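Beneath this line is the structure, given in structure tokens, with notes to follow.
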Amino acid sequence: MKSLTIFTTLLAVTAAKKCIVKAPADDVTTDVNAPAADGNIASDDEAANVDEPIADDIDSADEKSDAEAPKGKLPASFKWGAATAAYQVEGAWDTDGRGESVWDYFTHLYPKNVESGDRTNPDSTNGNVACDSYHKFDEDVKMMKIMKANHYRFSISWSRLFPDGVAKKVNGKWNVNEKGAEYYDMMIDTLIENDITPLATLYHWDLPYALHEKYGGWLDYRSQDDFAKYAEFCFERFGDRVKGWITINEPWVNCVGGYKNGPGKAPYRCTGEAPRKLQNDTTGLDLEGGCSYEIGPSQYYKGAEVLPADRAPQRLEEVWCSHNILIAHAKAVNVYRKKFQKKQKGLIGITVDGEAQIPWEDENTTPEELENNKKYANLAAEFRIGWYSDPPMTGDYPESVKQRMGKDMPVFTAEEKKLLKGSSSDFLGWNTYTAHWAEQAKDEDGKLIEPPTEEEASYENSKKDMWDDNCRGRAPGWVCIPPTLGSQAGSSWNTKYGPTIRVGLNWLYNRYKSILKNGIIITENGCAQPNYKVSRANDQVTIDYFKSIGKEEYADAYDESIIEDESNIEGTILHDTYRIDWYKQYLENLRLAYVEDGVDVRGYMAWSLIDNFEWENGYETRFGMTYIDFYNDKELTRIPKDSLTYLAEWFTENVEQE
Ligand code: PNW
């Protein structure tokens, strides 16, 4: 295998500190480069090798023994599996009494907000049928077996259990849609019979539409208690068998995608006064849908002004969505801890997403500038990840975010802080896909932009001096201007750069290791292969850039031969070499984070088990390790891709077998 050099500067390296640390999840004592106190990965000064242990500051005796030592493996207890989400796979949208979620309602209202390759097919722009896992779960289990999964991460559809979103227990009886609950009983039992441990997510973006109509969903503080009640039902009903709970999936994507960057994610709230476009033409492959005004009267917090129903999208919506969702998470955890955890002995945590941040450098970057960019990388990570991961760990938002947001930042009450603090201390879920470069932004004349002053601090100014992206720039339509950090995968926002998982694991672990009891679980990682919509073969600009800084191997460019060929399923779609290389790079970096850096990482869930409804990208972007022909195959036959068996091989070679 071609060796990848981890170059120090990209890892925001500080001086090497060598020490002996106990490997977290087993009894092996491992020689590691200890993570530095500033939140950045600690390594040696010079190049290190991804294939072999980081070696540069290691004396020759160590080098020799490292070279001869068997490759460090992950422990037998390592959680290994794949992930999906209810709305993306289940289908059966109105079967057995299921209620509508915001995804049902808004994809039906604005089908043009979803990409489709066949608009004559009314199910191509929504999750009405999807993979029909509601009826074909046995087929999914077969795929898990091929990859040798010992865990499966799935999500529960809130509106399948409580069609109007409101869970109530009256005289000892829940108002649950029993048929819906039986579906999850069946799933959980089937998994256990197959020696696969269920890892259940309570909320993966499919808010009951009734709550959106009633009070604007996450924009209203009442969502917190409704979520906690729904969670209570799930613990009570399924907690005898489910020992791993994830409260919320990716609050950032849910809130920023749904309440700001519209029309991407339901409920299609867009920043400011973006003009409403009416549902009309449903032909063609584009994204000409609209922002939604359909929303209930909301109060951001108790006692706040009541915002009228059917209003245009407002400033700060995603900030308040995040605030309420984080408190909702903490309230659900509180219910679990108080009523169930002791008896059921499960673990509970949140899953956050966000790019690891790599300080920008080019051939003109001075050492001082690089130091400054490292600071900005940490700052960018605090905004992108810490905003969501700090509250459930430390009980509050990062200082940097509060300072820069000023009076626009919601404030947790003392009681909320208490609930939040340590609410994800059992474990932290992290979904990792891509990395960003970060640096202090410059104006048109090349002068550094200063951070906002105290008076200037606001939502709009909070990041005025910060730049971070995985492309050097963005053209209209959010098209990437190279160079890019890693090669362009099949989604515009996603580039393949394996070290991101190692950098991010170190950042998170350094920040929370005194709080985390059972480490970090990678709850999602994966890619869509470059495809007819998003690809960039022979990316010479990126190759030249990496050459210019002496790190050619990081260009990771590809040629046309790996781009998915729609007319030939037997070709690059099933023989998904780009995806295989993705998993190879990321898993190797995860392994190194564990054996070399001493990061307590306890699991890895690949996204995704099967091709599925990729939100605004519909069925046109495939993240699966299993192919499904959504448009032509009524049976929705599951066909394993090469990556599914590759993962089984990786597991056998790199995880201790019992
Ligand atoms: C995740 N980004 O979404 C979700 O949890 C999955 O449901 C989804 O299918 C998968 O990743 C692939 O998209 C993300 O822009 C969407 O950084 C966008 C981003 C990250 C995660």
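Here the working numbering is used: the first residue of the sequence shown is 455, the next is one more, and so on.
Yeah, the Cβ is synthetic: ideal placement off N, Cα and C, and Gly gets one too.
Remember, predicted model here, so these are calculated numbers, not experimental data.
Cα-Cα separation, residue i to residue j
i: residue 669; j: residue 752; result: 5 Å
i: residue 1056; j: residue 846; result: 19 Å
i: residue 909; j: residue 916; result: 11 Å
i: residue 975; j: residue 881; result: 7 Å
i: residue 783; j: residue 769; result: 24 Å
i: residue 865; j: residue 681; result: 20 Å
i: residue 839; j: residue 911; result: 20 Å
i: residue 562; j: residue 1089; result: 23 Å
i: residue 931; j: residue 587; result: 34 Å
i: residue 1072; j: residue 820; result: 45 Å
i: residue 575; j: residue 592; result: 26 Å
i: residue 693; j: residue 655; result: 12 Å
i: residue 650; j: residue 1036; result: 24 Å
i: residue 859; j: residue 870; result: 20 Å
i: residue 1029; j: residue 986; result: 16 Å
i: residue 1107; j: residue 528; result: 10 Å
i: residue 796; j: residue 790; result: 9 Å
Simplified DSSP assignment, three categories, for residue i
i: residue 934; result: strand
i: residue 925; result: strand
i: residue 885; result: strand
i: residue 852; result: coil
i: residue 1105; result: helix
i: residue 579; result: coil
i: residue 947; result: coil
i: residue 624; result: strand
i: residue 746; result: coil
i: residue 941; result: strand
i: residue 1120; result: The question about residue 1120 has no answer, for the chain in this structure spans 455 to 1112.
i: residue 504; result: Unreliable positioning characterises residue 504 in this predicted model, as indicated by a pLDDT of 26, which lies under 50. A coordinate reading is not provided.
i: residue 1052; result: coil
i: residue 1100; result: helix
i: residue 477; result: Summary for residue 477: the model assigns pLDDT 30, below 50, so the residue's position carries little reliability, and this model does not support an answer.
i: residue 723; result: coil
i: residue 990; result: coil
DSSP bridge partner residues for residue i (one or two, in chain order)
i: residue 548; result: Per DSSP, none; premise fails for residue 548.
i: residue 535; result: 605 and 1059
i: residue 810; result: 889
i: residue 801; result: 698
i: residue 752; result: 761
i: residue 1094; result: 1080
i: residue 528; result: 1109
i: residue 662; result: 555
i: residue 894; result: 920
Contact under 9 Å by Cβ, residue i with residue j
i: residue 954; j: residue 888; result: yes
i: residue 938; j: residue 956; result: no
i: residue 1059; j: residue 723; result: no
i: residue 671; j: residue 750; result: yes
i: residue 813; j: residue 892; result: yes
i: residue 663; j: residue 545; result: no
i: residue 1038; j: residue 961; result: no
i: residue 550; j: residue 637; result: yes
i: residue 652; j: residue 640; result: no
i: residue 1070; j: residue 707; result: no
i: residue 804; j: residue 843; result: yes
Start-to-end residues for the beta strand (DSSP E) that takes in residue i
i: residue 1028; result: Per DSSP, residue 1028 belongs to no beta strand (DSSP E) and is neither H nor E.
i: residue 698; result: 698 to 703
Extent of the continuous alpha helix (DSSP H) run through residue i
i: residue 563; result: 556 to 563
i: residue 657; result: No alpha helix (DSSP H) contains residue 657, which is instead part of the beta strand (DSSP E) from 651 to 657.
i: residue 954; result: 953 to 966
i: residue 976; result: It is not in any alpha helix (DSSP H) - residue 976 instead sits in the beta strand (DSSP E) that spans 974 to 978.
i: residue 1146; result: No information on residue 1146 is available, as it lies outside the stretch 455 to 1112 that the chain covers here.
i: residue 836; result: Element bounds for residue 836: n/a, residue is neither H nor E.
i: residue 591; result: 587 to 600
i: residue 634; result: 632 to 647
i: residue 679; result: 676 to 692
i: residue 573; result: Here residue 573 belongs to no alpha helix (DSSP H), and DSSP marks it neither H nor E.
i: residue 614; result: 612 to 615
i: residue 1001; result: 994 to 1002
i: residue 541; result: 540 to 543
i: residue 778; result: 771 to 789
i: residue 870; result: 868 to 874
CB contact below 9 Å: residue i versus chain C
i: residue 840; result: Protein chains in the displayed structure number just one, and chain C is not present.
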